Amino acid sequence: MDLNADLGEGFGRWELTDDAALLRIVTSANVACGFHAGDPATLRRVCELAAAAGVRIGAQVSYRDLAGFGRREMDVPPAELAAEVAYQIGALRVFAEAAGSHVAYVKPHGALYHRAGRD
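By this note's numbering, the letter at position 91 of the sequence shown is numbered 84, and the numbering carries on one by one without gaps.
Laid out in structure tokens, this is it:
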């Protein structure tokens, strides 16, 4: 069984969850990639903690919607959306590999998750 949680959904000193505590009990971490939540320092910290705990790292990608936490529907041209998703995965990949791990999967967040299931 795989137990996962959404992590890295903060900015700077503000944290939505206790990522370190969750990483002690999950087997996979859906890491926010900066478009709905997260920032470079948070991505790096979560990847380092996940790698040290042996937790799989997944890219939690979303629409570019910091104000709406990725929950607002957006009409983004397919080529632009593909570029934005690739950008988010690439950003997380750099930090995951620097921590000695890798991005094992991709999980859409919020409105993008719902659209993927519908369209």
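Ideal placement from N, C-alpha and C gives every residue a C-beta, glycine not left out.
All values reported here derive from a predicted model rather than from experimental measurement.
Assignment of V39 by DSSP, reduced to helix, strand and coil, places it in the helix class. The continuous stretches of beta strand (DSSP E) do not include Y80, which lies in the alpha helix (DSSP H) extending over residues 71 to 91. Within 10 angstroms of the beta-carbon of P101 lie 16 or more other beta-carbons, which makes it buried. Judged by beta-carbon spacing, F62 lies beyond the 7 Å limit of D32, meaning their Cβ atoms are not closer than that value. The continuous alpha helix (DSSP H) containing R111 extends over residues 103 to 111.
Take A84, set aside five residues on each side of it, and the residues of its chain with a beta-carbon closer than 7 Å to its own are C26, G27, L36, in chain order.
The residues L0, G1, V39, L42, in chain order, have a CB closer than 7 Å to that of D12 in the same chain once the five nearest residues on each side in sequence are set aside.
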